[in-house]
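Asker: Sharing a structure, written as structure tokens. Questions coming.
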Amino acid sequence: MEDAMEEMSSNLSIETDMIEEILVTLPVKTLTRLKCVCKSWNSLITNRSFAEKHFKHHSLKRANKQVLIFRTVETEVVSLHSYESLNLVAPPLQIAKKPYSVRAISTPCNGLVCYKYSNNKKIKLCNPSTREFKLLPPSHFPRLYGYHRCSNHAIGFGIHNKDYKVISIAYYRPKSHVRNKLRLFKARIYSSSSNTWRSTSHDPPTLVNNIGIVPTVNGRCHWISYHHKLPRRQFILSFDMHNEMFRPMEFPRAFKFSSSRNLLRVLDGSLAVYIDCGVAVDIWAMQEYGVVESWTKKFKIRYASDSCGDPLFLWKNEILLMASFGKDHKVRLAWSYGDQRFEIDGKNWTFQAMLYEESLISLK
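Numbering-wise, UniProt numbering puts 287 at position 287 of the sequence shown, and it's gapless, one number per residue.
Have a look at this one:
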């Protein structure tokens, strides 16, 4: 009798392992539906370890790659699109009722995205695959005598030891009646493990760009920064989510153009900079992270006569361009080489797109 029970238990264990190996290969949309099959499947699919295993499996196979687009139509929405065709794979998800509300967006980290609003102090995390949101608690920057505070000036997002972290940077401007005072910058960091904010041990040394996409590469988030006394002298400021230290990084040595249109992005897994040269954009990638000498020019793209946009990401070995914006509020996306066009609703100054890998990882 005992032998029969042990054999049955062993068979059940093997069956459970087989089910898990099958389920881990399925897309998020299918798994979401399968949660209602039975309690054991729901428990498995909602398990954090299974979600991480699922994400790793699909990342290695590059089978879950999609395109994530933030855009303004009547409201602010985020939408997922097929990597192959750019067609919608799910209805757009509203993230703000008022247009032009989202100011800064992180690149995805394990399928999660962080973004902040321009008209208040709110910062949110979002899993576009599961359509789940999490509003972070207020960061509560201190008030400093003699300074005006601009809270949540910039954000960054990353992960260390399964702990998701958000860094928020505040800018302190001296009040007009206070002389000989420098601008100050303070940073606070949010930890998902404690659901609280705390001050960083080191303050940011200078002003950072606070609009658009904030790329995370090699466990570090990055901003274009400006020297106090040389506002046209740009460099890259990184923040390490592991040791929580700021570090300056230099642009390519051939860099000569300081412009508000210079952008930091992720290009095929590497940190990249899009340098505006007036009539064209040079795209450089850092082949070996942190090594200035490894900056390599990948593309030089001349602006088309109908283009007022920026390169977005490497797509099928080509650069997808954000092209003209008509009065019909259609964004025309154009390939860097060829005459193909793709239209999508959206307005130019809020349109952001990036590569995305779907994920089951929960924000709870």
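The C-beta atom is built at its ideal place from N, Cα and C for all residues, glycine as well.
Please read all numbers here as calculations on a predicted model, not as lab measurements.
(1) In this structure, how does DSSP classify residue 307 when only helix, strand and coil are distinguished?
(2) Can you tell which of 266, 139 and 145 has the C-alpha that lies nearest to the C-alpha of residue 176?
(3) When the Cα atoms are used, what is the spatial distance from residue 66 to residue 214?
(4) Please identify the residue among 277, 289, 282 and 254 whose C-alpha is closest to the C-alpha of residue 271.
(5) By alpha-carbon positions, which one of 189, 37, 31 and 68 ends up nearest to residue 50?
(6) Does the structure place the region 74-93 close enough to the region 45-59 that three or more beta carbon pairs sit under 8 Å?
(7) For the alpha helix (DSSP H) that contains residue 30, what are its first and last residues?
(8) Which value, in whole angstroms, describes the spacing of the CA atoms of residue 174 and residue 148?
(9) According to the neighbour-count rule (16 or more other Cβ atoms, all chains shown, within 10 Å of its Cβ), is residue 193 buried or exposed?
(10) Threshold first: 3 residues or longer. Then list the beta strand (DSSP E) segments lying entirely within the region 119-189, N to C.
(11) Give me the Cα-Cα distance between residue 221 and residue 15, rounded to the nearest whole angstrom.
(12) Quick one: grab the DSSP three-state call for residue 249.
(13) What does a CB cutoff of less than 8 Å around residue 165 pick up in its chain, not counting 5 residues either side in sequence?
(14) How about residue 104 and residue 69: do their beta carbons lie closer than 7 Å?
(15) Rounded to whole angstroms, what's the CA-CA distance from residue 42 to residue 19? Just pull it up for me.
(16) Helix, strand or coil for residue 265, going by three-state DSSP, please let me know.
(17) With a threshold of 6 Å on Cβ separation, who are the neighbours of residue 45 within its own chain once the five nearest residues in sequence on each side are excluded?
(18) Cβ of residue 107 within 7 Å of Cβ of residue 286?
Answerer: Taking the definition as stated:
(1) Any answer about residue 307 is weak, because its pLDDT of 49 lies below 50 and its placement is not dependable; what the coordinates show is given next. Coil, per DSSP.
(2) 145
(3) 19 Å
(4) 289
(5) 31
(6) no
(7) 28-34
(8) 6 Å
(9) Residue 193 should be labelled exposed.
(10) 123-127, 132-135, 147-160 and 163-174
(11) Computed Cα separation, rounded: 42 Å.
(12) strand
(13) 157, 158, 159, 189, 190, 191, 192 and 241
(14) no
(15) Taking the straight line from one Cα to the other gives about 12 Å.
(16) strand
(17) 31 and 35
(18) no
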